[in-house]
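Under the working numbering, the first residue of the sequence shown carries the number 387, and numbering increases by one thereafter.
Built from N, CA and C at the ideal position, the CB exists for glycine as well.
Here the structure is a predicted model, which is why all the values come from computation and not from measurement.
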Amino acid sequence: MSKVLKTFRARLAFWIAMSALGILLTTGFAVFVSVRTALQEKQDETLLEITRTEIESVGGKEIGDPLEIGINDESILVWREATGKIVLERGLVSLRSEKRTVRKRVFTHLYRHGQIYRALYYPYEDNGVRNIALCIESMAPLQSTLRSIVFRMLLIGMLGAGATCLFAWNLSVRLTQPLREIAKQTASIHTADLSLRLPHLSEDAELVDVTEGINGMLARLESLFEGQAQFIADAAHELRSPLANLRTTAEVALRRQDPNTHQRALQITITEVERLTRLTESLLTLSLADAGALVQERVPVDIAQIITESAEAIRARAEEAGVQLVLHIEPASLQGDRLRLQQVLDNLLDNAVRHSPQGSRVQVRVQQKNDGISISIADEGHGISEEDISRVFERLWRADSARARMTGGFGLGLSIVKAIVEAHGGRVAARSTLGEGTVFQIRFPAPHKP
């Protein structure tokens, strides 16, 4: 049984059958109780009618000798309540030992000689004298009828149980067939081709939801795999250039014994190693973001302070480039990783200054609002086209002009910004107008109050 119930189809059939059989048994029991009650009430009515008829036949006379009633399974005994004197005794069953006093009509059961009888104690008055009548009737016919009913119900129940099990299995097969088709088609999908989508195999809303959910997952996986493939290709491309430079420089230095050549080779080596280090650190940061381990601590961070520090660190370079930094900072703080948040602001300010023309301004605004913290960094550069603005946060984006425009490096800076902001529960967006400049907007939600 346990092996059969491992499949959803078998479990579904089992529980459908059990539910149907439970309903069948409950209904059968209710019908049996109703029939038994009706037959019992009918027998009680008959017993009452016989008792009244026999009492009326006495007509105040006393009949002391036992006589047979017309039906041998019925017996009656009538006695004076006060004296216990027998008034009427008929039937084959002696009832003298069952005499007792009752105040009102009572139906009960009596067991005599291994048989069960339905009994009626019936008190009444005759010419001012209180009498009690006890009339009994065998329950054998009623029990025989009930046994016949039970047998027929069991026979019908067994047939119904078989039909129920067959119906439950066929129903479970029909209901689970679309799931088997979905499983079969899903198993045929592999990473080599994630463009396949499941057809809608059923009009049922639940199965439509399952199909659409799987198709949505496949679409996300396809996008993720394509992004990973592109990311690996671009990372390999970025690594190839400095590695090639290092090898060429080393080969040139080995062929020449000129000290100046060796010195230049060492300087180039240091530059390329620094470049590889920055790329490695950026890739490590993104891998931590993918693993959900980017934020190492959650402490109160003064956003106004770290923006001021980032601005002061880059102010000298901005003045050298002829770019004015304008700060509009309100007090604001949140729970987060200070070093990571500093990294976000350093990247965005460096971006803005690097790509701002001489004589322009970079404006930084920090506002503490009811719904959280808003940070905006706006430059007055050349702007980004509408087609490119939606891709500025992609990793190692290959559009060279836009990438040089935004990061001047590997195309990872804005991806890191997005990962850090989202790790803190925030959102970052960019909007731009060609010829007017670009604005990066960060929003951190307000902390939940306990």
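Go ahead and pull the three-state DSSP assignment for residue i.
| i | result |
| --- | --- |
| Thr-694 | helix |
| Glu-467 | coil |
| Arg-650 | helix |
| Ile-441 | helix |
| Met-404 | helix |
| Glu-780 | coil |
| Val-488 | coil |
| Thr-718 | In the sequence as displayed, the identity of residue 718 is Ala instead of Thr. It is coil, neither helix nor strand. |
| Gly-599 | helix |
| Thr-844 | Outside the displayed range of the chain (387 to 836) lies residue 844, so it cannot be described from this structure. |
| Leu-528 | helix |
| Leu-557 | helix |
| Asp-451 | In this predicted model, Asp-451 has a pLDDT of only 46, less than 50, meaning its place in the structure is not dependable enough to derive any value. |
| Gly-456 | Residue placement at Gly-456 is flagged as unreliable, the pLDDT there being 42, under the threshold of 50; the coordinate-derived value follows with that caveat. Here Gly-456 sits in coil by DSSP. |
| Glu-435 | helix |
| Asn-631 | helix |
| Gly-546 | helix |
| Ala-815 | strand |
| Thr-393 | coil |
| Gly-745 | coil |
| Val-685 | strand |
| Ile-763 | strand |
| Leu-713 | strand |
| Arg-829 | strand |
| Arg-504 | strand |
| Val-730 | helix |
| Ile-575 | coil |
| Ala-519 | strand |
| Gln-426 | helix |
| Ser-480 | coil |
| Ile-770 | coil |
Measuring CB to CB, does residue i end up less than 8 Å from residue j?
| i | j | result |
| --- | --- | --- |
| Glu-523 | Tyr-503 | yes |
| Ile-802 | Ile-759 | no |
| Ile-692 | Leu-731 | yes |
| Arg-642 | Val-687 | no |
| Lys-485 | Gly-500 | no |
| Arg-726 | Val-681 | yes |
| Gly-769 | Thr-819 | yes |
| Glu-442 | Ile-462 | no |
| Gly-799 | Asn-737 | yes |
| Ile-575 | Thr-597 | no |
| Ala-573 | Ala-399 | no |
| Leu-720 | Ala-697 | no |
Taking residue i and residue j to be in contact with their CB atoms under 8 Å, please state how far apart those CB atoms are, rounded to whole angstroms.
| i | j | result |
| --- | --- | --- |
| Phe-779 | Lys-804 | 4 Å |
| Gly-546 | Leu-410 | 5 Å |
| Ala-639 | Thr-647 | 6 Å |
| Asp-774 | Thr-824 | That belief does not hold up - the Cβ atoms of Asp-774 and Thr-824 are roughly 11 Å apart, past 8 Å. |
| Ile-700 | Val-739 | 6 Å |
| Pro-564 | Leu-582 | That pair is no contact at about 17 Å. |
| Leu-425 | Thr-531 | 6 Å |
| Asp-757 | Ala-832 | 6 Å |
What does a CB cutoff of less than 8 Å around residue i pick up in its chain, not counting 5 residues either side in sequence?
| i | result |
| --- | --- |
| Thr-487 | Glu-467 and Ile-518 |
| Glu-435 | none |
| His-495 | Ile-502, Tyr-503, Arg-504, Ala-505 and Met-525 |
| Gly-543 | Leu-410, Leu-411 and Gly-414 |
| Leu-674 | Leu-680 |
Give every residue of the same chain whose Cβ lies closer than 6 Å to the Cβ of residue i, excluding the five residues on either side of it in the sequence, and list them in chain order.
| i | result |
| --- | --- |
| Thr-437 | Leu-506, Tyr-508, Ala-519 and Cys-521 |
| Phe-826 | Leu-734, Ile-763 and Ala-816 |
| Ile-761 | Val-752 and Ile-828 |
| Gln-571 | Leu-584 |
| Ile-449 | Because Ile-449 sits at a pLDDT of 47, beneath the cut-off of 50, its placement in the model cannot be relied upon, and the following sentence gives the value as read from the coordinates. Result list for Ile-449: Leu-474, in chain order. |
| Pro-717 | Ala-690 |
| Arg-791 | Caution applies to Arg-791, whose pLDDT of 39 falls short of 50 and renders its modelled position unreliable; the model cannot decide the point. |
| Pro-452 | Low confidence applies here, because Pro-452 scores a pLDDT of 45, under 50, leaving its location unreliable and the question unanswered by this model. |
| Arg-516 | Glu-467 |
| Arg-491 | Tyr-508 |
| Pro-628 | Glu-658, Arg-661 and Leu-662 |
| Thr-372 | This structure does not reach residue 372, given that the chain is present from 387 up to 836, and the question cannot be answered. |
Excluding sequence positions up to five away, which residues of its chain have a Cβ less than 7 Å from the Cβ of residue i?
| i | result |
| --- | --- |
| Ile-535 | Phe-418 and Val-421 |
| Leu-407 | Ala-547 and Thr-550 |
| Ile-402 | Ala-554, Leu-557 and Ser-558 |
| Gln-429 | Arg-504, Glu-523 and Leu-528 |
Below 8 Å, how does it come out for the region 653–665 and the region 623–639: are there three or more Cβ pairs, yes or no? Verdict: yes, contact present.
Is the region 703–715 close to the region 731–750, with three or more CB pairs under 8 Å? yes
At a cut of 8 Å, does the region 559–567 reach the region 524–531 through at least three beta carbon pairs? no
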